[in-house]
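The numbering of the sequence shown is our numbering, which starts it at 213 and goes up by one. Cβ coordinates follow ideal geometry from the N, Cα and C atoms, glycine included. Reviewing the structure listed below.
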Amino acid sequence: MRAFEASARHLNFRLAAAELGVTQGAVAQHVRGLKARLGQALFERLPRGLRLTEAGRRFHSPLRRAFRLIEEAVDDLSGHRQITISVTPSFASKWLVPRLNDFIRKNPEIAVQVDARERLADFRTDGVDIAVRQSRGPIGDGFNAKPLFSNEFIPVCNPSLGDQISVPNDLMRFTLLTDSHGLWPLFLERVEVAGRARTMSFSQTSLAIDAAVSGQGVALANAALVASELASGELVQPLNETLFDDLVFFVVAPLKPRQPELVSLMRDWLLSQA
């Protein structure tokens, strides 16, 4: 059941095996054994990864809660405290992880688990205490959501390209690195640049930023996510023009969190870092 639960969370036998410290074959064998015992298929195999069947989804939700209760009982008895924060991979690599050592240094008795994936966390079933997510509107009822930082987007590139960009029209001579937010057309419209630009698209913001660092083109990124690269000189902002969009980063937690003290502590730290 542990092998199934980890596989259902990651939708990948390899990642589940890495978490559990066993081989991928062992995880697959345990899942096959569970399938035989229950008499129902729990996963559908896809070209890349897995997908839960309807039976698998129904089974995973209560199983995840059960494992979480066991973990909490052990933590309570041992005095160990852990908080799980859900973030996107780009936010984790470009903003959270470089700063996380500060939280750990100030709170050595608290273990932090970072759950970095694109899909939204379910606070009821995923064991997540607090999350950081982008949204263009209210987060919804039942949640406490606080804006983390401004929604300022700026063009950034390798210094070797920055020397060649002095006015907005110069952007059209370079590849525009786009991510899932797709804000380049709006930026070009705001700075009154017309024409069809050459683009390279990425599924994650962090990949577009990394491509900009390596000199492959110009990325349009949230200023907070590229602050460290700008400070180190890996990236430069070639133009003063910026784009303010209503896509805002929020710190989100349930109104009645499982661990109110830890959630409050993590929320205050996140806001202080911003």
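Leaving out five residues before and five after residue i in sequence, what residues of the same chain have Cβ atoms less than 7 Å from its Cβ?
{"i": "L398", "result": "L455"}
{"i": "D457", "result": "N363, F365, L395"}
{"i": "E446", "result": "V425"}
{"i": "T337", "result": "S273, R276, R277"}
Going by the beta-carbon positions, is the gap between residue i and residue j smaller than 8 Å?
{"i": "L477", "j": "N356", "result": "no"}
{"i": "R348", "j": "L459", "result": "yes"}
{"i": "Q428", "j": "P367", "result": "no"}
{"i": "A215", "j": "L227", "result": "no"}
{"i": "L467", "j": "G354", "result": "yes"}
{"i": "S302", "j": "L437", "result": "yes"}
{"i": "F361", "j": "D391", "result": "no"}
{"i": "F255", "j": "V239", "result": "no"}
{"i": "D341", "j": "A218", "result": "no"}
{"i": "L262", "j": "M213", "result": "no"}
Take residue i and list the residues in its own chain whose beta-carbon comes closer than 8 Å to its own, dropping the five residues that flank it on each side.
{"i": "S440", "result": "K306, P310"}
{"i": "V430", "result": "P367, V368, C369, L373, I377, L383, F386, T387, L388, L389, A424, P450"}
{"i": "L250", "result": "A267, F271"}
{"i": "L308", "result": "I297, V299, V326, V344"}
What's the C-alpha gap between residue i and residue j?
{"i": "S444", "j": "I322", "result": "30 Å"}
{"i": "I421", "j": "N224", "result": "26 Å"}
{"i": "A433", "j": "G407", "result": "21 Å"}
{"i": "E453", "j": "Q325", "result": "38 Å"}
{"i": "A267", "j": "A253", "result": "7 Å"}
{"i": "P472", "j": "S418", "result": "31 Å"}
{"i": "L312", "j": "A435", "result": "19 Å"}
{"i": "R470", "j": "G352", "result": "19 Å"}
{"i": "A486", "j": "P259", "result": "40 Å"}
{"i": "R402", "j": "P380", "result": "10 Å"}
{"i": "L474", "j": "V405", "result": "48 Å"}
{"i": "R317", "j": "R257", "result": "42 Å"}
{"i": "P350", "j": "F462", "result": "10 Å"}
Given residue i, which residues of its chain have a CB within under 6 Å of its CB, disregarding the five upstream and five downstream residues?
{"i": "R201", "result": "Not covered by the structure: residue 201. The range shown for the chain is 213 to 486."}
{"i": "R280", "result": "G339"}
What distance in whole Å lies between the Cβ atoms of residue j and residue i, which are believed to be in contact at a cut-off of 8 Å?
{"i": "I297", "j": "D327", "result": "7 Å"}
{"i": "P481", "j": "F335", "result": "Before going on, a small fix: residue 481 reads as Trp here, not Pro. Between F335 and W481 the Cβ distance is about 19 Å, and since that is not below 8 Å, they are no contact."}
{"i": "L483", "j": "K358", "result": "7 Å"}
{"i": "V299", "j": "A230", "result": "At roughly 19 Å, the Cβ-Cβ gap does not stay under 8 Å, so V299 and A230 are not in contact."}
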